[in-house]
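**Q** In our numbering, the protein residues as written are 465 to 538. All residues carry an ideal CB built from backbone N, CA and C; glycine is no exception. All of these numbers come straight from a predicted model, not from anything done at the bench.
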Amino acid sequence: MNNIRCTQCGVVGLEPGFVEDSGQGARGFARWVEGALQRGPLGGARLMGRPRWQIEAFRCPGCAHLELFAAQRS
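Next up, the structure:
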């Protein structure tokens, strides 16, 4: 159990999990990318040279609110 507190209802001890990315060519988990969205010529997000972090997700057992943290650089 962790000591992360829900910012919505105040419950302590959020459930760890992850946000799945199931799009075409996805790695299976979502990442946070630094900076504003910039689109390439085909409409996709430009990612080359931009720092990315894996998202850690926690769910509140009291109100189901999700807390997301960009904690690990990928």
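With DSSP run on the structure shown, which of helix, strand or coil describes F482?
**A** As a position in the sequence shown, residue 482 is number 18, starting the count at 1. The answer is coil: DSSP assigns F482 none of H, G, I, E or B.
**Q** Closest by CA to L537, which one among N467, E479 and E498?
**A** To locate residue 537, count along the sequence shown from 1; it is residue 73. As written in the sequence, residue 537 is Arg, which differs from the Leu given in the question. Nearest option by C-alpha distance: E498.
**Q** Thinking just about the alpha-carbon of each residue, which of N466, V483, G492 and G487 is nearest to the one in A534?
**A** Taking the first residue of the sequence shown as position 1, residue 534 is located at position 70. Ranked by Cα distance from A534, the first of N466, V483, G492 and G487 is V483.
**Q** Among G508, P525 and H529, which one has its Cα closest to the Cα of G489?
**A** Here the question's residue 489 lines up with position 25 in the sequence shown. G489 has its Cα closest to that of G508, out of G508, P525 and H529.
**Q** Taking all protein chains shown into account, decide if C470 is buried (16 or more other Cβ within 10 angstroms of its Cβ) or exposed.
**A** To locate residue 470, count along the sequence shown from 1; it is residue 6. Classification of C470: buried, given that the 10 Å Cβ count is 16 or more.
**Q** Indicate the three-state DSSP secondary structure (helix, strand or coil) for I519 in the structure shown.
**A** Counting from one through the sequence shown, the residue named residue 519 turns up at place 55. Reduced to three states, the DSSP call for I519 is strand.
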